[in-house]
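The next block holds one structure in the form of structure tokens; read it before the comments.
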Amino acid sequence: IKIEGYILSTPEEIEQIVQSIAMLDATELNIMISGNTILEQQFNDLAKKSIDISFQFLNETTIIEKNTLNLIRDLLPVSSQSGALSFAKQRFNELEDLCKGIQLLGEAPSRTLEEINKIPSVILSYIFYAALSTKHDDVSFEGIGQKKQIHVIPAILTTNNHSNITSFFPPF
22 IKIEGYILST PEEIEQIVQS IAMLDATELN IMISGNTILE QQFNDLAKKS
72 IDISFQFLNE TTIIEKNTLN LIRDLLPVSS QSGALSFAKQ RFNELEDLCK
122 GIQLLGEAPS RTLEEINKIP SVILSYIFYA ALSTKHDDVS FEGIGQKKQI
172 HVIPAILTTN NHSNITSFFP PF
């Protein structure tokens with residue numbers, strides 16, 4: 022299943038898709054979260070602004086981070102929040118380091134921009150994984166732990182063998 026990332030911006034939207042997946046009659050699912058999210062656009066803008074040495078990217082990063090952490094807090098039960106909050110915080114620390122590097126160089130190398138572009142998809146995929154794992158015991162995040170029946174895969178981590186994935190969300 023391919024889920025367009027832009028529809029995963031509120032706890033209600035994520036919960037609706039989690040419930041839809043719970044009703045599917047399948048023995049194994051691979052769920053790929055694609056990019057094009059508001060979060061991705063915010064990260065791109067942040068990277069471009071970081072070239073200016075006077076830009077205070079920490080202020081803007083804090084706002085984006087706060088919104089993302091609030092999404093996790095609103096979506097997940099308290100008992101399931103710590104892993105997702107920690108994962109997101111680590112990704113925001115990576116973003117901060119990349120932006121500092123851009124600021125020091127005074128330019129944004131394409132490889133650095135690619136790394137920045139990956140972070141929102143990975144965060145969103147992990148948030149979706151965490152929400153799904155509160156409803157299913159047999160869920161894994163690609164690259165973390167042992168693969169089981171339901172796999173949540175950030176679109177940027179996929180290989181060519183996922184090219185035949187059908188998009189179910191949003192519905193046609």
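Sequential numbering from 22 applies to the sequence shown in the working numbering.
Glycine included, C-beta positions come from ideal geometry on N, C-alpha and C.
Whole-Å CB distance - residue i paired with residue j, under 8 Å assumed
i    : j    : result
R112 : I144 : 5 Å
P141 : L96  : With 8 Å as the limit, P141 and L96 do not qualify as a contact, their Cβ atoms being about 16 Å apart.
I52  : I22  : 5 Å
Through-space distance from residue j to residue i, alpha-carbon basis
i    : j    : result
L29  : C120 : 25 Å
S71  : L45  : 44 Å
N114 : A43  : 33 Å
D118 : Q102 : 24 Å
I137 : S131 : 10 Å
V160 : G104 : 14 Å
K168 : A151 : Residue placement at K168 cannot be trusted, given a pLDDT of 37 that sits under 50; what the coordinates show is reported in the next sentence. For K168 and A151, the distance between alpha carbons rounds to 15 Å.
E34  : T89  : 14 Å
G127 : Q77  : 14 Å
L125 : S100 : 40 Å
G166 : D158 : Low confidence applies to G166: its pLDDT is 38, below 50, so where it sits in the model is not reliable enough to give any reading.
Residue i vs residue j beta-carbon contact at 7 Å
i   : j    : result
I54 : F162 : no
V39 : L153 : yes
Bridge partners - residue i, DSSP secondary structure assignment
i    : result
L145 : BP columns for L145 are empty, so no partner.
Nearest to residue i (by Cα), restricted to the options the options
i    : options                  : result
D73  : I123, I52 and L106       : I123
Q63  : Q77, T82 and I52         : T82
I59  : S41, Q37, E25 and E136   : E25
K110 : S131, Q37, K87 and T155  : K87
K156 : G104, P98, N80 and I137  : P98
L67  : L106, A129, T89 and S100 : A129
E36  : L92, L50 and K69         : L92
Y147 : L126, F108, N80 and S100 : F108
K69  : L125, L134 and L90       : L134
N65  : K139, T89 and L90        : K139
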